[in-house]
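Peer 1: I am attaching a structure below and will ask some questions about it afterwards.
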Amino acid sequence: MKKLCFSIIIIAAIFFLTSCSVIELLSKNSERVTLTIMGRKSDVKKSYLNSIFEQYEKSTGNKLDIIAFEDAEFEERAAKKFSDGEIPDIFLHFHNADLSRYNVSNNFYFLNDEPWINELTDSAAAYCKDSHGNLLGMPFWESSVSGCYYNKTILDSLGLKPASTQAEFDVLCQALADIGYNPICWPANGCTWMFQFGLDPIFADNPSLLESLNKNEISYSDIPEVRNMVKWISDAADKGWFGPNYLENGWSDISYNIGSGNYVMTFIWDTWFYTDFENDNKYGIDDFALMPIFMNTANNGTYEGGNLNMMMINKNGENLQEALEFLKFCADEKNYNIAFDSIATVNCFKGQTTNIQSPMVTNAASSIEENERVSVAASRIIGYSADDVSDAFNKLFCKKTDVLTCVHLMDDYRIKEAKKYGADGF
Amino acid sequence: MKKRFIRLLPLFLMCIVGISAVLISFVYFDFISKRIYEDSTDHLEEIYAQVNRSFGAFVERNWGLLNSWANYFIPTRQQYEEISDFIKNEQSYWGFSEFYFISDDNTCMTIDGIKSNMDSETSWNTLVHRKNPIMAAETLSTIFAVPVKHGEYNGFGYDAIAISYTNEDMANSLNVDAFSGKAKCFVIHNDGSVLLSTQVGGNVFSSYLMYLKAASNLDEHSLSKLSKDWINGKSGLLQCKIGGVSYCILYQPIGYQDYILLSAVPQNVVSAGFLSVQKTTINVSIVLFFMIFASIIAFFILRGKKQSQKNKMELQYRERMFDVLSNNVDDIFLMLDAKNHNVDYVSPNIERLLGIQVEEVRENVRIMEKCAVNANIVIPEKELESIPLNKNKYWECEYMHQSTGECRWYRMIIYHMNIQDVRKYVIILSDRTHERRMNQNLQDALTAARSANEAKSNFLSNMSHDIRTPMNAIVGFSVLLDKNAENVDKVKEYTHKIKTSSHHLLSLINDILDMSKIESGKTSLNTDCFSLPELLEELNIILMPQAKAKSQSFKFHVNGTPPEKIVGDKLRLNQILINLLSNAIKYTPEGGEIEFLVSELPNNSSNQYVKLRFAVIDNGIGMSEEFQKNIFNPFSREISSVTNKIQGTGLGMAITKNLVDLMGGIIQVESRPGNGSKFTVELSFVLPEQEASELWFHQRVNKMLVADDEEDICLYIQEMMHGTGVNVSYVTNGSAAVETAVNAHNDGEDFQVILLDWKMPEIDGIETARIIRKKIGANVPILVLTSYDWSEIEEEARQAGINAFMSKPFFPSTFKQILEPLFLDGSANNKEQQNKNESVLKGLLFLAAEDNELNAEILKEVLSMEGADCELAANGLEAVEMFKKSKPGYYDMILMDVQMPVMNGYEATRQIRAFERPDAKTIPIAAMTANTFAEDVRNAMDAGMNGHLAKPINLDAVRDLIGKLINK
């Protein structure tokens with residue numbers, strides 16, 4: 052009985068809303084607008100974006116003028132447009148350090164009060180907010196969860212279980228090593244993303260540190276947690292937790308190392324298993340599970356949320372309302388489920404159902420919810436370069452530097468890059 | 002064999018002791034190990050039984066709490082707040098982390114109303130359906146739950162209540178302080194699943210059984226048994242290796258829900274106590290063992306070292322001794338290896354003896370070849386090979402010292418020996434130079450002895466010839482005299498020749514005796530202060546007439562300002578110079594030139610000595626170079642047509658040379674035949690302290706005038722008189738002298754002495770004196786200073802008013818001697834004094850002691866010819882008696898022979914002087930002896946005599962002596 056009533060109400064609502072939309076559409080048809088959207092060429096080519104753009108144009112009759120710049124020229128040309136006053140209605144950009152070029156507070160509309168914000172997953176919303184909690188854009192983007200993916204089959208066979216604290220993780224690594232397994236696949240040759248996982252909790256949990264670092268008021272060496280991280284990585288390497296050939300291992304080795312069972316764990320993201328993992332080894336994707344990453348910077352571990360491209364609205368544009376309506380259109384459960392149909396991604400919208408979501412992520416949902424951090428280090432630390440950090444660590448791994456020198460080297464690289472970028476305070 | 006066994010015995014014993022010690026240690030440690038391990042495992046079981054009990058109490062307590070709350074408190078409280086406050090109070094008291102209400106659908110709600118799902122689904126059946134309390138593991142906690150009567154809290158229906166503890170709290174409840182925290186303790190289910198763990202960091206084990214299966218070395222059987230034990234609730238202990246570490250796995254059932262308390266303790270921790278004891282024991286044992294071993298080794302090493310050191314020291318001592326020995330002998334020692342001739346040893350004295358380095362010889366023994374004077378005589382290699390073993394051979398060879406060039410003779414003896422089964426050549430080079438030289442010296446001595454013998458024969462031959470010659474003349478002329486006694490002219494002629502021959506014979510005898518005495522080393526010097534000018538004056542007086550007799554030019558020169566007084570043996574110096582000068586006169590033809598030059602040589606060594614050179618230069622016959630080499634040998638006379646006519650003993654120059662040597666001087670001769678000779682004597686004399694002559698001048702002479710055309714001489718006199726207080730004025734011609742003397746006289750300040758050169762231009766010295774006498778009278782003494790013989794003009798000079806003559810060079814002392822009589826008696830002259838002396842003998846009575854009657858008669862006759870009388874005594878005693886018996890003053894003088902029978906002259910003189918009569922001390926006594934040496938004179942003086950007369954008595958000498966004694 053209850054279900055019947057509920058269905059009637061829903062149908063009535065749909066009818067009502069459809070009627071409103073039709074009325075509205077009819078009223079709009081008389082004054083169709085063209086919204087300008089500016090973004091990277093590679094970004095605007097994404098299928099889910101094209102899908103939503105197409106849906107919008109069909110649905111509203113409005114036009115979307117896509118201004119796409121080559122990736123390499125994007126920041127320069129977009130910044131030039133902004134400085135010339137040619138600011139698009141909708142601007143596609145990642146929430147990273149480059150965003151500061153565009154005078155965010157003056158040019159973009161804060162979306163804090165938009166009706167769809169509750170549709171966003173916490174991690175996606177968090178990614179899109181500035182340090183003051185203002186929602187800068189809508190994350191209409193594919194996402195993933197970076198964490199410690201482990202071979203649960205092996206662990207089960209050894210009578211071991213995943214770690215829930217840093218100390219347990221250390222015990223687990225040593226237990227695996229004692230048994231003769233290589234605990235962590237850490238491909239130091241060219242795989243530069245590892246380090247940011249450790250740094251994220253430091254700056255995500257304490258935004259003032261990030262602010263001071265970006266103002267060049269403090270450096271890595273002033274932050275004990277950074278030194279702890281570097282020391283833990285160094286010790287782990289020394290204890291053999293990265294295996295014997297970690298310095299030679301690179302991107303292409305991860306799949307075999309993990310799939311063959313030579314290594315039990317690695318720090319990677321879920322979508323990797325769908326894009327790069329070769330499923331023809333001893334262990335397949337079903338043998339793996341997800342637990343947090345432990346790098347001695349968060350006691351209960353951390354997951355890194357995806358880097359999301361945001362749709363940002365020109366608050367001073369003539370088509371502000373239309374642009375806001377466009378976002379509203381995108382946040383519609385039906386629309387985004389059409390757009391993300393069969394796309395392998397972690398949810399940005401809570402109602403995403405058509406996308407492909409890894410069971411590993413699903414099974415670790417509660418843990419992810421508790422321990423996920425926004426990707427801060429790579430995107431928001433001014434002057435951060437994964438290659439530079441990797442270079443500093445390689446020197447440490449090769450015993451050319453000690454822990455403290457490695458931290459200083461990371462600082463040197465960062466400051467040099469920031470100066471090159473022309474950042475304030477450097 | 003036995004010796005070797007004894008030597009190795011300590012080693013055997015040490016090995017046996019060592020092996021025994023190791024075996025005993027092994028058995029001991031094995032026993033101890035087992036015992037301690039058993040104790041340790043017992044201890045381990047006991048500890049974990051205690052833990053088990055403690056944990057059981059903990060579980061019971063929690064369940065008890067829950068039951069009590071469920072039964073008594075919660076049902077009675079209706080207000081949620083009241084229940085909440087109560088639970089929170091209990092939470093703070095008991096320390097659990099959370100309180101849950103649990104529903105039968107596996108959901109739960111906290112006291113704050115937070116809902117969640119429980120993980121432990123399996124245990125839930127036990128709790129909810131079987132209504133049994135449970136203990137279950139959640140993700141980060143362990144819960145204790147009890148079933149309760151269905152109730153509702155804050156709208157939540159529940160069928161059980163639970164409290165949870167964090168894993169950390171749970172771990173603390175199980176933690177064991179023992180085993181240094183290295184023990185891991187688990188609560189596991191009997192299927193192996195882990196409920197909780199005390200492992201630092203938390204629990205990562207899902208199934209400990211599977212973990213052991215994967216990680217340990219336990220086989221299937223052991224694992225199966227273990228699993229059965231757990232299922233059957235049995236306790237047990239097993240050992241296994243996990244990750245290379247040995248563990249003791251202890252399991253005991255807790256008694257609830259099939260839970261088992263399992264502990265995994267590293268075996269080294271369990272046995273830590275034993276290991277510590279074992280380690281310490283092993284360490285101590287090892288240290289002790291090594292100490293003992295080291296002590297034994299050290300003992301043997303020290304003993305060996307001591308022995309070695311002793312042997313080494315002995316060897317060094319021997320080597321040192323041998324080195325010292327070889328260094329102090331002139332024998333060189335070498336040892337060669339017979340095979341390769343490498344040098345094993347070479348004595349260090351080779352450097353001293355041959356001037357080659359030891360290292361050089363060590364490198365190559367052939368280096369010695371360069372020392373061989375005769376290249377054929379070296380170490381003969383072929384000869385070496387030919388020496389049979391234990392035999393030797395020797396050679397004589399001459400080697401030259403490489404540094405000094407000195408050649409020495411060596412006898413090389415080579416021994417072929419077998420030393421410790423190695424053939425060696427031992428070579429000894431013995432220095433035979435001394436022997437060779439001794440032989441040579443003996444040969445030379447033999448030759449010399451033969452020469453000496455020959456020389457002696459020659460000497461005797463010469464002696465006999467030289468003595469016989471005058472003796473023949475004396476004897477012959479005495480015979481002729483006897484035959485022609487009536488012929489006065491013949492008598493005079495013969496007596497003159499006898500006299501001449503006698504003098505020659507006397508001088509020959511004197512020279513021979515002198516020479517003999519010098520050569521026997523009995524000659525000594527009688528040094529005293531004497532006046533050099535006086536000596537020169539005497540020489541001049543003696544030799545000038547001889548030179549004049551041969552019409553020779555005899556010149557005296559004094560260069561520089563030699564000291565007036567010197568200390569030396571005047572007599573011997575006189576003898577040397579007379580010898581040289583008389584030879585010069587003798588061997589210089591008539592009309593020749595003789596020059597006598599005295600000069601002072603620079604003497605930087607001391608102000609107390611003066612070195613004088615006396616040079617006698619003539620232009621006589623000279624000498625051949627050959628003769629010059631032998632001129633100072635006795636009886637050496639150059640034989641030529643000229644020298645044959647000249648009388649001489651051939652001893653004069655030998656005596657002169659010996660006297661010069663005696664006085665520490667040198668004598669040199671330069672001569673060429675026909676071109677004259679130059680004899681140079683250099684002697685050093687001591688300078689006397691300043692004498693009293695200066696005082697004499699101070700007291701008597703204030704000013705004097707000197708006139709000489711050579712101003713240098715005037716200045717010389719001024720300089721010589723400096724310090725005497727005499728103001729010396731000088732002029733350079735006679736007229737000026739007259740004018741100066743007259744002016745002084747007119748001023749009433751007459752010069753007290755005027756000294757005039759004889760030969761001055763315009764007016765000579767005599768004429769100047771005559772004019773001065775006329776103008777100022779005879780009060781002022783006027784002297785003539787000349788280097789010429791003034792005898793011819795003496796009479797004229799005295800008539801012109803000259804008071805005295807003085808020979809150049811000028812010496813203040815001579816000047817004083819001449820002035821003294823003038824100041825005593827005004828214008829006394831030498832001639833008158835001479836006459837006085839001659840008259841002294843007249844009327845005197847002499848006592849003459851002479852044992853030889855002939856001599857006594859001659860003496861008496863001679864004295865009587867002088868108007869004196871003489872009483873004779875035959876010996877000393879007789880003379881003493883005669884003097885004793887005579888009245889005081891009876892005898893005027895005693896002439897005493899020295900060598901007399903009964904009592905000699907010295908003793909007689911001493912006795913006479915010892916008499917108490919007044920003239921005993923004053924009566925002049927003169928020695929009368931043929932002993933004319935200086936010590937004879939000294940002996941005479943020492944005996945109390947006043948003078949010395951040499952036999953045969955020379956009347957002039959007697960006259961002079963008496964004159965002097967009477968004057969005194």
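First to last, the protein sequences are chains R and C.
Just so you know, the working numbering puts 114 at position 63 of the first sequence, and the rest follows in order with no gaps.
Just so you know, the working numbering puts 838 at position 837 of the second sequence, and the rest follows in order with no gaps.
Yeah, the Cβ is synthetic: ideal placement off N, Cα and C, and Gly gets one too.
How should residue 174 of chain C be labelled, buried or exposed, when 16 other C-beta atoms within 10 angstroms of its C-beta is the threshold for buried?
Peer 2: Here residue 174 of chain C refers to the residue found at position 173 when the second sequence is read from its first residue. Its Cβ being crowded by 16 or more others within 10 Å, residue 174 of chain C is buried.
Peer 1: Quick check: the region 679–690 of chain C against the region 733–742 of chain C, are at least 3 beta-carbon pairs closer than 8 Å?
Peer 2: With a cut-off of 8 Å, the region 679–690 of chain C and the region 733–742 of chain C do not count as touching, because too few Cβ pairs lie within range.
Peer 1: If we count Cβ pairs, one from each stretch, closer than 8 Å, do we get three or more for the region 849–863 of chain C versus the region 885–897 of chain C?
Peer 2: Output reads yes: the region 885–897 of chain C touches the region 849–863 of chain C.
Peer 1: Grab me the residues of residue 121 of chain R's own chain with a C-beta within less than 6 Å of its C-beta, minus the 5 sequence neighbours each way, in chain order.
Peer 2: Your numbering for residue 121 of chain R matches position 70 in the first sequence. Correct list, in chain order: 92.
Peer 1: Taking residue 562 of chain C and residue 601 of chain C to be in contact with their CB atoms under 8 Å, please state how far apart those CB atoms are, rounded to whole angstroms.
Peer 2: Indexing the second sequence from 1 puts residue 562 of chain C at position 561. Indexing the second sequence from 1 puts residue 601 of chain C at position 600. Indeed, because the Cβ distance is near 7 Å, the residues count as touching under 8 Å.
Peer 1: Is the shortest distance between the beta-carbon of residue 208 of chain C and the beta-carbons of chain R less than 7 Å?
Peer 2: Counted from its first residue, the second sequence places residue 208 of chain C at position 207. Chain R, which has a Cβ nearer than 7 Å to the Cβ of residue 208 of chain C, makes this yes.
Peer 1: Check whether chain C comes within 7 Å of residue 223 of chain R, counting only Cβ atoms and requiring the distance to be less than that.
Peer 2: Taking the first sequence and counting its residues from 1, the one referred to as residue 223 of chain R is at position 172. Yes, contact with chain C.
Peer 1: In chain R, which residues lie less than 7 Å from residue 171 of chain C when you measure between Cβ atoms?
Peer 2: Residue 171 of chain C sits at position 170 when you count from the first residue of the second sequence. Under the 7 Å cutoff, chain R gives no residues; its nearest Cβ is about 14 Å from residue 171 of chain C.
Peer 1: Is the CB of residue 205 of chain C under 7 Å away from at least one CB in chain R?
Peer 2: The residue you call residue 205 of chain C lines up with position 204 of the second sequence. Closer than 7 Å to some Cβ of chain R, the Cβ of residue 205 of chain C qualifies, so yes.
Peer 1: Residue 412 of chain C bridges to which residues according to DSSP?
Peer 2: Residue numbering aside, residue 412 of chain C sits at position 411 when the second sequence is read from its first letter. BP columns for residue 412 of chain C point to C:397 and C:431.
Peer 1: Starting from residue 187 of chain C, trace the beta strand (DSSP E) in both directions and tell me its first and last residue.
Peer 2: To locate residue 187 of chain C, count along the second sequence from 1; it is residue 186. 185–190 is the span of the beta strand (DSSP E), which, as asked, contains residue 187 of chain C.
Peer 1: Listing by chain order, which chain R residues have their CB less than 7 Å from the CB of residue 987 of chain C?
Peer 2: Any property of residue 987 of chain C remains undetermined from this structure, which presents chain C solely from 2 to 969.
Peer 1: Please identify the residue among C:189, C:889, C:41 and C:717 whose C-alpha is closest to the C-alpha of residue 53 of chain C.
Peer 2: Counting from one through the second sequence, the residue named residue 53 of chain C turns up at place 52. Nearest C-alpha to residue 53 of chain C: C:189.
Peer 1: From residue 16 of chain C to residue 243 of chain C, what distance separates their C-alpha atoms?
Peer 2: Within the second sequence, the letter at position 15 stands for residue 16 of chain C. Within the second sequence, the letter at position 242 stands for residue 243 of chain C. Taking the straight line joining both Cα atoms gives about 41 Å.
Peer 1: Contact defined as beta carbons within less than 8 Å: I believe residue 211 of chain C pairs with residue 209 of chain R. What is the distance between those atoms, to the nearest angstrom?
Peer 2: Taking the second sequence and counting its residues from 1, the one referred to as residue 211 of chain C is at position 210. Taking the first sequence and counting its residues from 1, the one referred to as residue 209 of chain R is at position 158. The pair is a contact, with the Cβ atoms about 6 Å apart (cut-off 8 Å).
Peer 1: Any C-beta of chain C sitting closer than 7 Å to the C-beta of residue 10 of chain R?
Peer 2: Nothing can be reported for residue 10 of chain R, as the shown portion of chain R is limited to 52 through 477.
Peer 1: What residue range does the alpha helix (DSSP H) around residue 539 of chain C cover?
Peer 2: As a working mapping, residue 539 of chain C is identified with position 538 in the second sequence. Run containing residue 539 of chain C: 533–550, per the alpha helix (DSSP H) assignment.
Peer 1: Between residue 211 of chain C and chain R, is the shortest Cβ-Cβ distance under 7 Å, so that the two count as touching?
Peer 2: Here the question's residue 211 of chain C lines up with position 210 in the second sequence. Yes, its Cβ sits closer than 7 Å to a Cβ of chain R.
Peer 1: Mark residue 422 of chain R as exposed unless 16 or more other C-beta atoms lie within 10 angstroms of its C-beta, in which case mark it buried.
Peer 2: Here residue 422 of chain R is taken as the residue at index 371 of the first sequence, counted from 1. Per the 10 Å Cβ criterion, buried.
Peer 1: Taking its Cβ as the centre, do 16 or more other Cβ atoms sit within 10 Å of residue 901 of chain C, making it buried, or is it exposed?
Peer 2: By one-based count along the second sequence, residue 901 of chain C stands at place 900. Counting Cβ neighbours within 10 Å, residue 901 of chain C comes out buried, since at least 16 surround it.
Peer 1: Give the secondary structure of residue 290 of chain C by DSSP, where H, G and I count as helix, E and B as strand, and everything else as coil.
Peer 2: Numbered from its first residue, the second sequence carries residue 290 of chain C at position 289. In this structure, residue 290 of chain C counts as helix in the three-state DSSP scheme.
Peer 1: Identify each residue in the region 7–31 of chain C for which the Cβ-Cβ distance to at least one residue of chain R is less than 9 Å, and report them in chain order.
Peer 2: Within the region 7–31 of chain C, no residue has a Cβ that lies closer than 9 Å to any Cβ of chain R.
Peer 1: Quick check: what's the CA-CA separation for residue 347 of chain C versus residue 364 of chain C?
Peer 2: Taking the first residue of the second sequence as position 1, residue 347 of chain C is located at position 346. Taking the first residue of the second sequence as position 1, residue 364 of chain C is located at position 363. Answer to the nearest angstrom: the Cα atoms are 11 Å apart.
Peer 1: Give me, in chain order, the residues of the same chain whose beta-carbon lies closer than 7 Å to that of residue 45 of chain C; leave out the 5 immediate sequence neighbours on both sides.
Peer 2: Along the second sequence, one-based indexing puts residue 45 of chain C at 44. Hits under 7 Å: 249, 251, 266 and 271.
Peer 1: Less than 7 Å between the beta carbons of residue 317 of chain R and residue 236 of chain R, yes or no?
Peer 2: For the purposes of this step, residue 317 of chain R is taken as residue 266 along the first sequence, with counting starting at 1. For the purposes of this step, residue 236 of chain R is taken as residue 185 along the first sequence, with counting starting at 1. Closer than 7 Å, so yes.
Peer 1: Using the Cα positions of residue 70 of chain R and residue 385 of chain R, report the straight-line distance between them to the nearest angstrom.
Peer 2: Counting from 1 along the first sequence, the entry for residue 70 of chain R is found at position 19. Counting from 1 along the first sequence, the entry for residue 385 of chain R is found at position 334. Unreliable placement is indicated for residue 70 of chain R, whose pLDDT of 45 sits below 50; the coordinate value is still reported in the next sentence. Taking the straight line joining both Cα atoms gives about 17 Å.
Peer 1: Can you have a look at residue 301 of chain C and say buried or exposed, based on whether 16 or more other CB atoms are within 10 angstroms of its CB?
Peer 2: Residue 301 of chain C sits at position 300 when you count from the first residue of the second sequence. Counting Cβ neighbours within 10 Å, residue 301 of chain C comes out exposed, since fewer than 16 surround it.
Peer 1: From residue 653 of chain C to residue 660 of chain C, what distance separates their C-alpha atoms?
Peer 2: For this step, residue 653 of chain C is matched to residue 652 along the second sequence. For this step, residue 660 of chain C is matched to residue 659 along the second sequence. Computed Cα separation, rounded: 10 Å.
Peer 1: Using CA coordinates, which residue listed in C:245, C:281 and C:232 is at the minimum distance from residue 260 of chain C?
Peer 2: Residue mapping note: residue 260 of chain C aligns to position 259 of the second sequence, counting from 1. Ranking the options by Cα distance to residue 260 of chain C, first place goes to C:232.
Peer 1: Considering only the alpha carbon of each residue, which of R:379, R:292 and R:357 lies closest to residue 164 of chain R?
Peer 2: On the first sequence, residue 164 of chain R is found 113 positions in, with the first residue counted as 1. Looking at the Cα atoms, R:379 is the closest of the given residues.
Peer 1: Roughly how many angstroms separate the alpha carbons of residue 33 of chain C and residue 209 of chain C, rounded to a whole number?
Peer 2: Indexing the second sequence from 1 puts residue 33 of chain C at position 32. Indexing the second sequence from 1 puts residue 209 of chain C at position 208. In a straight line, the C-alpha of residue 33 of chain C is about 33 Å away from that of residue 209 of chain C.
Peer 1: Interface residues of chain C around residue 452 of chain R at Cβ under 8 Å?
Peer 2: Along the first sequence, read from residue 1 onward, the residue named residue 452 of chain R stands at position 401. Under the 8 Å cutoff, chain C gives no residues; its nearest Cβ is about 29 Å from residue 452 of chain R.
Peer 1: Looking at the secondary structure, which residues open and close the beta strand (DSSP E) in which residue 220 of chain R lies?
Peer 2: Residue mapping note: residue 220 of chain R aligns to position 169 of the first sequence, counting from 1. First-last for residue 220 of chain R: 217–230, but that is the alpha helix (DSSP H), not the beta strand (DSSP E).
Peer 1: With H, G and I counted as helix, E and B as strand and the rest as coil, what does DSSP make of residue 179 of chain R?
Peer 2: Stepping through the first sequence from its first residue, residue 179 of chain R is reached at position 128. Helix at residue 179 of chain R.
Peer 1: Give me whichever residues DSSP pairs with residue 569 of chain C in a beta bridge.
Peer 2: Locating residue 569 of chain C in the second sequence gives position 568, where the first residue counts as 1. Answer is C:529.
Peer 1: The alpha helix (DSSP H) with residue 877 of chain C in it runs from where to where?
Peer 2: Indexing the second sequence from 1 puts residue 877 of chain C at position 876. Counting along the chain, the alpha helix (DSSP H) containing residue 877 of chain C begins and ends at 877–886.
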